[in-house]
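Trainee: Under the numbering used here, the first residue of the first sequence is numbered 29, with each subsequent residue one higher.
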Amino acid sequence: MKLHMFPRLAVAPPIPGRGLTQPRLEGSRVSDVVAIKDQVEAAVQAALSQVLPAELAGTDPVVRRSDRADFQANGTLAVAKKAARSPRDIGADVAGRLTGLTAEVSGPGFLNITVPDELVWSAVSARLADDRLGLTTPRSGERVVVDYSAPNVAKEMHVGHLRSSVIGDALVRVLSHLGADVTRQNHIGDWGTQFGMLIQYLDEHPQVSWKGRGAETMSALDGLYKTARAEFEADPAFADRSRARVVALQSGDDATLSMWRDLVAESEKAFEVIYDRLGILLDGGDFDGESRYNDALSDVVDHLLRTGIATESDGAVVAFTDGVTGPDGDPVPLIVRKKDGGFGYAATDLATLRLRVDHYKADRILYVVDVWQALHFRMVFDIARRAGWLPDTVQAEHVPFGTVLGTDGRPFKTRSGKTVRLADLLDDAEAAIRAVLEAKEHDFADAELDAVVHAAGMAAIKYADLSNTRTKDYVFDVDQMVATTGNTGVYLQYAHARVRSILRKASAAAPAQLEPMAAGSAAANVMPVDITLPAHPTEKALALILDAFDATLRDVALALEPHRLCGYLYDVATAFTRFYDACPVMKADDDAVRANRLALCDLTGQTLATGLDLLGIRAPQRM
RNA sequence: GCGCCUGUAGCUCAGUGGAUAGAGCAUCUGCCUCCGGAGCAGAAGGUCGGGGGUUCGAAUCCCUUCAGGCGCACCA
Numbered sequence: 029m030k031l032h033m034f035p036r037l038a039v040a041p042p043i044p045g046r047g048l049t050q051p052r053l054e055g056s057r058v059s060d061v062v063a064i065k066d067q068v069e070a071a072v073q074a075a076l077s078q079v080l081p082a083e084l085a086g087t088d089p090v091v092r093r094s095d096r097a098d099f100q101a102n103g104t105l106a107v108a109k110k111a112a113r114s115p116r117d118i119g120a121d122v123a124g125r126l127t128g129l130t131a132e133v134s135g136p137g138f139l140n141i142t143v144p145d146e147l148v149w150s151a152v153s154a155r156l157a158d159d160r161l162g163l164t165t166p167r168s169g170e171r172v173v174v175d176y177s178a179p180n181v182a183k184e185m186h187v188g189h190l191r192s193s194v195i196g197d198a199l200v201r202v203l204s205h206l207g208a209d210v211t212r213q214n215h216i217g218d219w220g221t222q223f224g225m226l227i228q229y230l231d232e233h234p235q236v237s238w239k240g241r242g243a244e245t246m247s248a249l250d251g252l253y254k255t256a257r258a259e260f261e262a263d264p265a266f267a268d269r270s271r272a273r274v275v276a277l278q279s280g281d282d283a284t285l286s287m288w289r290d291l292v293a294e295s296e297k298a299f300e301v302i303y304d305r306l307g308i309l310l311d312g313g314d315f316d317g318e319s320r321y322n323d324a325l326s327d328v329v330d331h332l333l334r335t336g337i338a339t340e341s342d343g344a345v346v347a348f349t350d351g352v353t354g355p356d357g358d359p360v361p362l363i364v365r366k367k368d369g370g371f372g373y374a375a376t377d378l379a380t381l382r383l384r385v386d387h388y389k390a391d392r393i394l395y396v397v398d399v400w401q402a403l404h405f406r407m408v409f410d411i412a413r414r415a416g417w418l419p420d421t422v423q424a425e426h427v428p429f430g431t432v433l434g435t436d437g438r439p440f441k442t443r444s445g446k447t448v449r450l451a452d453l454l455d456d457a458e459a460a461i462r463a464v465l466e467a468k469e470h471d472f473a474d475a476e477l478d479a480v481v482h483a484a485g486m487a488a489i490k491y492a493d494l495s496n497t498r499t500k501d502y503v504f505d506v507d508q509m510v511a512t513t514g515n516t517g518v519y520l521q522y523a524h525a526r527v528r529s530i531l532r533k534a535s536a537a538a539p540a541q542l543e544p545m546a547a548g549s550a551a552a553n554v555m556p557v558d559i560t561l562p563a564h565p566t567e568k569a570l571a572l573i574l575d576a577f578d579a580t581l582r583d584v585a586l587a588l589e590p591h592r593l594c595g596y597l598y599d600v601a602t603a604f605t606r607f608y609d610a611c612p613v614m615k616a617d618d619d620a621v622r623a624n625r626l627a628l629c630d631l632t633g634q635t636l637a638t639g640l641d642l643l644g645i646r647a648p649q650r651m
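1) Closer than 7 Å by C-beta to Arg218: which residues in its own chain qualify, once you throw out the five before and the five after it? Chain order, please.
2) Beta carbon of Ala123, beta carbon of Ala131: below 8 Å?
3) Judging by CA-CA distance, which residue of Arg96, Pro89, Asp95 and Ala97 is the nearest neighbour of Leu105?
4) Please confirm if the region 335 to 349 is in contact with the region 409 to 419, defined as three or more CB-CB distances below 8 Å between the two stretches.
5) Under the three-state reduction of DSSP, which class applies to Gln541: helix, strand or coil?
6) For Ser204, report the span of its alpha helix (DSSP H) as first-last.
7) For the region 388 to 408 against the region 327 to 335, are there 3 or more C-beta pairs whose distance is under 8 Å?
8) Just list the residues that DSSP pairs Ser134 with in beta bridges.
9) What does a CB cutoff of less than 6 Å around Phe371 pick up in its chain, not counting 5 residues either side in sequence?
10) Going by the DSSP bridge assignment, what does Val481 pair with across the sheet?
11) Smallest Cα separation from Val480: which of Ile461, Arg498 and Ile489?
12) So, Val173 versus Leu199, is the Cβ gap smaller than 8 Å?
13) Once the 5 residues before and after Ala569 are set aside, which same chain residues still bring their CB inside 8 Å of it?
14) How big is the Cα-Cα spacing for Thr632 and Arg155?
15) Would you mind reading off the limits of the beta strand (DSSP E) that contains Ala467?
16) Pick from Asn102, Ile530, Arg646 and Ala647: whose alpha carbon is nearest that of Pro612?
17) In whole angstroms, what is the alpha-carbon distance linking Asn322 and Thr376?
18) Which whole-angstrom value is the C-beta distance of Leu450 and Leu190, which I expect to be below 8 Å?
19) Does DSSP put Gln213 in a helix, in a strand, or in coil?
20) Is Thr127 buried or exposed, if buried means 16 or more other CB atoms sit within 10 Å of its CB?
21) Just the C-alpha distance for Glu300 and Glu244, rounded to the nearest angstrom, thanks.
22) List the endpoints of the continuous alpha helix (DSSP H) containing Asp231.
23) Just to confirm the assignment, what range does the beta strand (DSSP E) spanning Pro428 have?
24) How would you label Pro590, buried or exposed, when you count the other beta carbons within 10 angstroms and need 16 or more for buried?
25) Thinking just about the alpha-carbon of each residue, which of Ala473, Leu520, Ala475 and Asp250 is nearest to the one in Lys490?
26) Nearest CA to the CA of Phe80: which residue from Arg167, Leu203, Val107 and Gln222?
27) Any contact of the region 461 to 479 with the region 223 to 231, i.e. 3+ C-beta pairs under 8 Å?
28) Compare the Cα-Cα distances from Asp558 to each of Val503, Val600, Leu626 and Ile141 and report the closest residue.
29) Taking contact to mean at least 3 C-beta pairs separated by less than 8 Å, is the region 629 to 647 in contact with the region 499 to 516?
30) Cα-Cα, which of Cys629, Cys594 and Ser192 is closest to Arg532?
31) Taking only the alpha-carbon atoms, compute the straight-line gap between Ala120 and Ala610 and give it to the nearest angstrom.
32) Please name the residue or residues paired with Gln562 in a DSSP beta bridge.
33) Just to confirm before moving on: does the CB-CB distance between Asp290 and Lys239 stay below 8 Å?
34) If you draw a straight line from the C-alpha of Glu184 to the C-alpha of Asp250, how long is it?
35) Use the C-beta contact count for Met246: other C-beta atoms within 10 angstroms, 16 or more gives buried, fewer gives exposed.
36) Going by C-alpha distance, which of Ala248, Pro439, Leu381 and Asn102 is nearest Val187?
Here's what the structure looks like:
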């Protein structure tokens, strides 16, 4: 069996900054593996530059995947007019100068390009030999702060926290994997006048129990909060005592602070239980509550007043952004300090922005928050820029997402119109997937089944959330999300498990050579790939899709859209089933053919597992 | 009123300048001596909300219009 070094197309290196979605940042590590598409792009660009007059050198070759060939280059059409030549003529000229690729002019001047099988197998081999599957780190050197999840102390997490948590986490994972230095921040609501009410109520009703009740703690607190609120509204005397309690809290009264700390600590414990269950990276170290910024708020207001960015209006301190007006045509204010002297959340957001720039040295700050708050962030960013807290070198982005709807098309509520608890949602998904799995044949022991149910239930929920365009609303439909067919998390987990099953079988059949692979180790370069073998169309199709993993992740990081990764993984899975249907693997009658196919299986499995992991979804070995 | 988001097959959705607009579900037809059929191949199904414009080329960019959702002073 022949083993080769990985051949590459012999072309000039790509011109920096051309043909890349995003300019490479300083210090970025360039992987040894160059994607086939990038090689093709570089080759066509080089040929195009030879053919065109000097001033048109560097023309984008516009290389895309094609139905009619492996790739097509459309750049000839775009440049034809400038070059005063026919696109077909240019195409023919370019095709003649391409070496190592088959190219022919088609239609009005498209260049249909076919890559040699040898190049395809080399790419599979090279990615398999790399512990990062050939993924680059285009985000290295970039410091990113991601603000997401943000539940409220003394309240249960509910459906409204799902999307921020799940999307934010996926973005954190992808950006980190691409080399960014990511700081997670969970800006929990742990401060404000509502705690005066709750603490006062607890103080007056020492007999009520809420602490240390595990999962019940939060629901008890949530109930007490509502009771306290009702009393606040019904009883003026209690309202007065509550207001006094706010003052006590803000002035650091020991007894009050101690109760507040209990509330925060118990709440954080409960949040972490949910994060663990959902597989969210956030933990105790990521809490960055509003209380942390309390001392900075008067500073923020003073500075804005001093610089004239903010003014007093109707007793409140407000700032305006050009062009933002309300229904009456009047400018809409951003309220940094309320009439009663309390601070609005605008003040807190400005303070956090300042810290994230000054202390965390962020290059990019992301707010994964529902789309309703778009106007708020627009104004906060505008005012922070004018105040000098947010320099032009730092990018602050609101990453908005749509609403989770019920099957009635309205924001998701329980039948009685109440907010849906996040924990209940997770229970529902697990129950639904359990029913599905139990209906199938399986040989799982109870504990294993529970583990699979958990993994698949969370996958169902998270994938359903991530696979839709972020900014759109989507309907929360449990039956659809646990479907085993179509573009669902469960289907991808299954596809992965199936690949692992094949590889297990292979390692049993050929113990010595393939041993390391069985453990799922990345040391899969023990698997020999014979690059001289012809590639079946479905093998090639699969390999070319696997080759696009890196480009897909770059897109996700750029657009901050995890659904692109979902779509990509689904493409991988469907390309795999086509391949597997057409090409016998274990039953291949030739050892070399089998080895190549196993390599494809291995790369598919690792790509799916890595991709799912970047979405925050587990990939069980068996389903 | 202003702003933002959305409008693509019966349903749920991909597709941010390239050739006949793609999946899944549902419907219909083939392929089962099948390495996990949770599959594969095929058929049918679309005025890409409407109308202008830019371009060699538009679901995609610009303008306009219609429909739906959301936001617009002391909640976050």
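C-beta: ideal position from N, C-alpha, C; glycine also.
Mentor: On the basis of the supplied data:
1) Your numbering for residue 218 matches position 190 in the first sequence. Note on residue identity: the sequence assigns Asp, not Arg, to residue 218. Within the same chain, Asp218 has close Cβ partners Val181, Val292, Gly317, Glu318 and Ser319.
2) In the first sequence, residue 123 corresponds to position 95, counting from 1. In the first sequence, residue 131 corresponds to position 103, counting from 1. In contact: Ala123 and Ala131 (Cβ atoms closer than 8 Å).
3) In the first sequence, counting from the first residue as 1, residue 105 sits at position 77. When only C-alpha atoms are compared, the closest one is Pro89.
4) Judged by Cβ distances under 8 Å, the region 335 to 349 makes contact with the region 409 to 419, as three or more pairs qualify.
5) Translated into positions along the first sequence, residue 541 becomes position 513. At Gln541 the pLDDT is 48, less than 50, meaning the model places this residue with poor confidence; the figure from the coordinates comes in the next sentence. Helix, per DSSP.
6) For the purposes of this step, residue 204 is identified with residue 176 of the first sequence, where counting begins at 1. Per DSSP, the continuous alpha helix (DSSP H) segment holding Ser204 begins and ends at Leu190 to His205.
7) Contact between the region 388 to 408 and the region 327 to 335 is absent: fewer than three C-beta pairs spanning the two stretches fall below 8 Å.
8) Here residue 134 corresponds to residue number 106 of the first sequence, with the count starting at 1. Note: Ser134 sits in a beta bridge opposite Phe138.
9) Numbered from its first residue, the first sequence carries residue 371 at position 343. Excluding positions up to five away in sequence, the list reads Leu325 and Arg365.
10) Taking the first residue of the first sequence as position 1, residue 481 is located at position 453. In DSSP, Val481 forms no bridge with anything.
11) Here residue 480 refers to the residue found at position 452 of the first sequence. Among Ile461, Arg498 and Ile489, the Cα nearest to that of Val480 belongs to Ile461.
12) Stepping through the first sequence from its first residue, residue 173 is reached at position 145. Stepping through the first sequence from its first residue, residue 199 is reached at position 171. No; because the gap between Cβ atoms is not below 8 Å, this pair is not in contact.
13) Numbered from its first residue, the first sequence carries residue 569 at position 541. Annotation for Ala569: Ala603, Arg606 and Phe607 place their beta carbon closer than 8 Å to its own, counting only its chain and skipping 5 residues before and after.
14) As a working note, residue 632 is residue 604 in the first sequence. As a working note, residue 155 is residue 127 in the first sequence. For Thr632 and Arg155, the distance between alpha carbons rounds to 11 Å.
15) Here residue 467 is taken as the residue at index 439 of the first sequence, counted from 1. Careful: Ala467 lies outside any beta strand (DSSP E), inside the alpha helix (DSSP H) at Leu450 to Ala467.
16) For the purposes of this step, residue 612 is identified with residue 584 of the first sequence, where counting begins at 1. The candidate whose alpha carbon is nearest that of Pro612 is Ile530.
17) Residue numbering aside, residue 322 sits at position 294 when the first sequence is read from its first letter. Residue numbering aside, residue 376 sits at position 348 when the first sequence is read from its first letter. Taking the straight line from one Cα to the other gives about 8 Å.
18) Here residue 450 is taken as the residue at index 422 of the first sequence, counted from 1. Here residue 190 is taken as the residue at index 162 of the first sequence, counted from 1. Indeed, because the Cβ distance is near 6 Å, the residues count as touching under 8 Å.
19) On the first sequence, position 185 is the one that residue 213 refers to. Annotated three-state conformation of Gln213 is strand, per DSSP.
20) Counting from one through the first sequence, the residue named residue 127 turns up at place 99. Looking at its Cβ environment, which holds fewer than 16 other Cβ atoms inside 10 Å, Thr127 is exposed.
21) What you label residue 300 is simply residue 272 of the first sequence in a count that begins at 1. What you label residue 244 is simply residue 216 of the first sequence in a count that begins at 1. Taking the straight line from one Cα to the other gives about 14 Å.
22) Position 203 of the first sequence holds residue 231. From DSSP, the alpha helix (DSSP H) with Asp231 extends over Gln222 to Glu232.
23) Locating residue 428 in the first sequence gives position 400, where the first residue counts as 1. From DSSP, the beta strand (DSSP E) with Pro428 extends over Gln423 to Phe429.
24) Position 562 of the first sequence, counted from the first residue, corresponds to residue 590. Looking at its Cβ environment, which holds 16 or more other Cβ atoms inside 10 Å, Pro590 is buried.
25) As a first step, residue 490 is located in the first sequence; it is residue number 462 there, counting from the start. Looking at the Cα atoms, Leu520 is the closest of the given residues.
26) If you number the first sequence from 1, residue 80 lands on position 52. The question names Phe, yet the displayed sequence has Leu at residue 80. For Leu80, the closest C-alpha among the options Arg167, Leu203, Val107 and Gln222 is that of Val107.
27) No, because fewer than three Cβ pairs between the region 461 to 479 and the region 223 to 231 fall closer than 8 Å, the two stretches do not touch.
28) On the first sequence, residue 558 is found 530 positions in, with the first residue counted as 1. When the alpha-carbon of Asp558 is set against those of Val503, Val600, Leu626 and Ile141, the nearest one is in Leu626.
29) Segments in contact, no.
30) In the first sequence, residue 532 corresponds to position 504, counting from 1. Nearest in C-alpha terms to Arg532, of all of Cys629, Cys594 and Ser192, is Cys629.
31) The residue labelled residue 120 in the question sits at position 92 within the first sequence. The residue labelled residue 610 in the question sits at position 582 within the first sequence. Distance between the alpha carbons of Ala120 and Ala610: 35 Å.
32) Stepping through the first sequence from its first residue, residue 562 is reached at position 534. The amino acid at residue 562 is misidentified as Gln; the sequence shows Pro. Looking at the DSSP output, Pro562 shares a beta bridge with no other residue.
33) Counting from 1 along the first sequence, the entry for residue 290 is found at position 262. Counting from 1 along the first sequence, the entry for residue 239 is found at position 211. Remark: C-beta atoms of Asp290 and Lys239 approach each other more closely than 8 Å.
34) In the first sequence, residue 184 corresponds to position 156, counting from 1. In the first sequence, residue 250 corresponds to position 222, counting from 1. Taking the straight line joining both Cα atoms gives about 6 Å.
35) Here residue 246 refers to the residue found at position 218 when the first sequence is read from its first residue. Flag for Met246 reads buried.
36) For the purposes of this step, residue 187 is identified with residue 159 of the first sequence, where counting begins at 1. For the residues Ala248, Pro439, Leu381 and Asn102, the minimum Cα distance to Val187 belongs to Pro439.
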